[in-house]
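Inspection log for the structure reproduced underneath, given as structure tokens.
4 protein chains.
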Amino acid sequence: MTPSDPAATPRPDILRMPTVFGPTPGPRQAPAGIRYDDGQTPLRVSTYARFHTDAIAVQRLLPAGLQALPEALLAIEFSYLSEIDWLAGRGYTMLSVRMPVRYMGADEPIQGWFQPVIWENLTEPILSGREELGWNKIYADLPPIQSRAGQHRCQAAWQGFTFLELTLNELCPAPLTLGGGAPVLHHKYVPATGAWGESDVDYLTMTPPGNPQMRVLSHATGKASLAWHRPRWEDMPTQSHIVQALADLPLGPLHSAGMYTSRGGKGLADQRRLP
Amino acid sequence: MTPSDPAATPRPDILRMPTVFGPTPGPRQAPAGIRYDDGQTPLRVSTYARFHTDAIAVQRLLPAGLQALPEALLAIEFSYLSEIDWLAGRGYTMLSVRMPVRYMGADEPIQGWFQPVIWENLTEPILSGREELGWNKIYADLPPIQSRAGQHRCQAAWQGFTFLELTLNELCPAPLTLGGGAPVLHHKYVPATGAWGESDVDYLTMTPPGNPQMRVLSHATGKASLAWHRPRWEDMPTQSHIVQALADLPLGPLHSAGMYTSRGGKGLADQRRLP
Amino acid sequence: MTPSDPAATPRPDILRMPTVFGPTPGPRQAPAGIRYDDGQTPLRVSTYARFHTDAIAVQRLLPAGLQALPEALLAIEFSYLSEIDWLAGRGYTMLSVRMPVRYMGADEPIQGWFQPVIWENLTEPILSGREELGWNKIYADLPPIQSRAGQHRCQAAWQGFTFLELTLNELCPAPLTLGGGAPVLHHKYVPATGAWGESDVDYLTMTPPGNPQMRVLSHATGKASLAWHRPRWEDMPTQSHIVQALADLPLGPLHSAGMYTSRGGKGLADQRRLP
Amino acid sequence: MTPSDPAATPRPDILRMPTVFGPTPGPRQAPAGIRYDDGQTPLRVSTYARFHTDAIAVQRLLPAGLQALPEALLAIEFSYLSEIDWLAGRGYTMLSVRMPVRYMGADEPIQGWFQPVIWENLTEPILSGREELGWNKIYADLPPIQSRAGQHRCQAAWQGFTFLELTLNELCPAPLTLGGGAPVLHHKYVPATGAWGESDVDYLTMTPPGNPQMRVLSHATGKASLAWHRPRWEDMPTQSHIVQALADLPLGPLHSAGMYTSRGGKGLADQRRLP
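Chains A, B, C and D are the protein sequences, given in the same order. When we follow the numbering used here, the leftmost residue of the first sequence carries the number 9, and every step to the right adds one. When we follow the numbering used here, the leftmost residue of the second sequence carries the number 9, and every step to the right adds one. When we follow the numbering used here, the leftmost residue of the third sequence carries the number 9, and every step to the right adds one. When we follow the numbering used here, the leftmost residue of the fourth sequence carries the number 9, and every step to the right adds one.
Structural data, given as structure tokens:
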């Protein structure tokens, strides 16, 4: 009986700001009378590309307690989500950046992915993800994929400044497996009000691997190219330092790239704090 | 020498997620080489209306530690902000809901406003406001004011569902003073990851009164009408309970209403935690 | 050799405003070096519902020259288009309203559909559709379908006012045929500048049936409900009279409803003027 | 008694597509019971810059019948409009491009401005402007001005691709006069349906000078810089040829630049066809 087994015992309500209206419905709690169907929700169309990069450069983007793996990678994934039960059937898009790392602070070393930043185009999952899970989510405009003549183009922008373009092509059918299966690590941090420079929250969290309700419906692999566009401060006044740092990562040869469709998932109620 | 005197000593950097790229520029910290001019930023056009309501109903929407004042009010304000220095000259809109309260937990009672919820149409100030200040900010679409034939109409919506309309008319010039001057109280709360139902952060915060750099450029007072539209869960799956609770507040006679323009402000670095 | 056989002879350039930069690329003409692949473009997800209505009421919404059929129907279709070649792989959404009519002005009577109005959420196809084809296109916000628990909800709004909701449910697999096959009739009209009340263009046009490159990939039929929301003038100042007139049509029992996915189409270069 | 004297005799209804619902309310006709107040509407904030350019290059962008003036200019103006009566108090933004020209086809030569293209961020005025007036309007995203530290930055984009940036600075108060007063010339053109390559409408139109109801409320002049960003076809598939042609115009020294606020205007019912 663990916290990741939500059906066994009723989980206590999770509060988020604003608290005075009662629990906020979200990915991990439905309002009375509504049930989320993890076998059906969400429908996901994802494009991904992984590039070799430099472990020393990656190490500079890790929080204390995490180590870059020697085979350093920069993994980019655009996920176009729809039919999301907790949004009453609506969707949104997520752009994640990941790098393979090791965590030595537990009884056994944990090898997984660290996400220095995740962009999403809807405030709701940004708030629940940051505050409940410790995911580093911030906002970007993420328009639908442009697909034409065998080419798939994914873009990310902030108020008219396009900072990332991922283009896939020469896609060929591939097995309906995605590898993956590694934990994802995060640094949850909330500043202390008034005691500027201090923190209210400062710990690592982990999304355990495993997503038994998710079924891959299609998968194709192929080639990819990635381009960062460097913003001036005035182009992205709260995010230019983030894009600059990612654009500084050496972009080596392509490791792997592809596109898949899947249905089903999990609400990440198994997310937990690392010791 | 207090933390609210930022000019006297350099304030330590405030970190927010993502932390690994360094401090996120925002309302209370500029990037190197940029200075915010509090005498000029922002330009604000605000409409406000205060209605009498019922103190017992207000009390149900207060966090522990706050008491509704006997002369209960529901105050609604739409603020259309532009020329915001920390957004490199861009703007956004804020819709605040306020109710007069008393806090008895300090050495002396504090009388001020509690904000059960604030809607904004940009994720950036929502994140910094929630995490640095403890303001109850969530997202809404807040289109520009509609002004025609002496009538000013302000609306708030979420993904196509308009949940609030404030209409002002019969406006007449009024003195360039706004009263105000009371502290604003908040309940900062962040859930604990994995320990569902528990919290990482749970305390009250206060925005002290006083805004010496803000100049009122125009002010007019008049009549107002307010209409809540009750959403079903599927209309606003993460916010319907909030709108329902506010629409349940008895809406009594108008107390006061008006519209003003102002320039200048403060970054709220004087925000502090209540004991 | 007919105008609908574009491969046989090079079709002359179609000009649209602005003219001085040369032909505007669009659905019916690609820029040099680009070829549209009608077997692949677009990808379409459509929901449709047809309701019985009253022939006398329909007749009031027809231009001179068209007659309502005795078995009067109101057909509503939302088409979510993506992978559109002429938009370099982007998409948009179309909401069409159709009613069965007869045209007696040609050598033989033509039985088909008249579209009193089509809403789209992108200006580009609105301009080319109005000016090249005579389609009655105007703008609306058409967000993605909301799908959850076997229910599919389609909405149309203008600047925050939702004027139409179509909900489908109890969908069951159906044959990969859509019937259809009838011509679509339009009234092309452009006012004369300065000679107010007179016209520069005033004739009927026809989209011939047949779409040999379009393949239906999936189809399901089921139940549907439709709701118009009546706007005040201030809610939709240029369109309230249109929504009011459609909401006035008696809404009888459901005739048929469903949802399909298709790929491929035609550029409508076979559109022609009626005598 | 002239067409530009709308108060004297009731003007006939102007029809636009869709015609079957009756006249579409718009800038030049109000619905029953509504009156537009030309002394109050709209409120306009405009930035403008005029650069010297080359008359031979300008001549290439003119329709038959117009001649470039020897002192060739490229004039850019962003107009941020609000409180628009015909939109029930809403607003939109217009970006106009103008070049001084001469028309010899009338009894007397007309010297004025030709507008090869106007971008607007709302479909409604695009349709009425093209079809009633012959203005070359197309769609662009035109976000609010960014103003900070004495600098004003105006941008135009299409689906995330920013194609034009105008920046003003060192603004100093100037007289409340705008010069202007010249007619504006247009090429109205509508293609013929089915007879591809032929036209239904093909003539020049003129907006007479004079705008007696418009009052300039503030005016400042200063410096300006302009930057075109050249799109690939896939960035702006229906407009890349337009931006490319404008970016090809030699951009000489600044002629004049400024920013003004005004209130009031005219509905352009005095627009007329040139002989």
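Positions of the beta carbon are idealized from the N, C-alpha and C atoms, including for glycine.
As assigned by DSSP and simplified to three states, the class of residue i
i, result
"residue 163 of chain D", "strand"
"residue 210 of chain D", "strand"
"residue 137 of chain C", "helix"
"residue 49 of chain D", "coil"
"residue 127 of chain B", "strand"
"residue 154 of chain C", "strand"
"residue 237 of chain B", "coil"
"residue 259 of chain D", "coil"
"residue 93 of chain D", "helix"
"residue 178 of chain C", "strand"
"residue 67 of chain B", "helix"
Neighbour flag for residue i against chain A, beta carbons, 8 angstroms
i, result
"residue 196 of chain B", "yes"
"residue 152 of chain C", "yes"
"residue 9 of chain B", "Residue placement at residue 9 of chain B is flagged as unreliable, the pLDDT there being 30, under the threshold of 50; a coordinate-derived value is accordingly withheld."
"residue 62 of chain B", "no"
"residue 147 of chain B", "yes"
"residue 283 of chain B", "no"
"residue 275 of chain B", "no"
Chain B contact for residue i (CB, 8 angstroms cutoff)
i, result
"residue 279 of chain A", "yes"
"residue 272 of chain A", "no"
"residue 32 of chain A", "yes"
"residue 178 of chain A", "no"
Any chain C beta carbon closer than 8 angstroms to residue i
i, result
"residue 170 of chain B", "yes"
"residue 127 of chain D", "no"
"residue 131 of chain D", "yes"
"residue 121 of chain D", "no"
"residue 219 of chain D", "no"
Minimum Cβ-Cβ distance from residue i to chain D less than 8 angstroms
i, result
"residue 140 of chain B", "no"
"residue 165 of chain A", "yes"
"residue 26 of chain C", "yes"
"residue 241 of chain C", "yes"
"residue 155 of chain B", "yes"
"residue 161 of chain B", "yes"
"residue 46 of chain C", "no"
"residue 192 of chain C", "no"
Buried versus exposed call for residue i [16 or more other C-beta atoms within 10 Å across all chains shown]
i, result
"residue 112 of chain C", "exposed"
"residue 246 of chain A", "buried"
"residue 82 of chain B", "buried"
"residue 278 of chain A", "buried"
"residue 256 of chain C", "exposed"
"residue 49 of chain B", "buried"
"residue 225 of chain C", "exposed"
"residue 2 of chain D", "With chain D represented from 9 up to 283, any question about residue 2 of chain D goes unanswered, as that position is not in the structure."
"residue 272 of chain B", "buried"
"residue 7 of chain B", "Given that chain B is displayed from residue 9 to residue 283, the structure contains no residue 7 of chain B and the question cannot be resolved."
"residue 126 of chain A", "buried"
"residue 35 of chain B", "buried"
Residue j beta carbon less than 8 angstroms from that of residue i
i, j, result
"residue 132 of chain D", "residue 199 of chain C", "no"
"residue 152 of chain D", "residue 167 of chain A", "no"
"residue 104 of chain B", "residue 52 of chain B", "no"
"residue 146 of chain C", "residue 214 of chain C", "no"
"residue 239 of chain D", "residue 248 of chain D", "yes"
"residue 94 of chain B", "residue 106 of chain B", "no"
Cβ of residue i within 8 angstroms of any chain F Cβ
i, result
"residue 22 of chain C", "The displayed structure is made up of protein chains A, B, C and D, and chain F is not among them."
request  = Name, going along the chain, the residues of the stretch 71-86 of chain A whose beta-carbon falls closer than 7 angstroms to a beta-carbon of chain B.
outcome  = 71
ask   = Which of the residues in the stretch 90-114 of chain D, read from start to end, lie with their CB under 7 angstroms from any CB of chain B?
value = 90, 91, 93, 96, 97, 98, 99
key: Residues within the stretch 224-256 of chain D neighbouring chain C, beta-carbon criterion of under 7 angstroms   = 241, 242, 245, 246, 249, 250, 253
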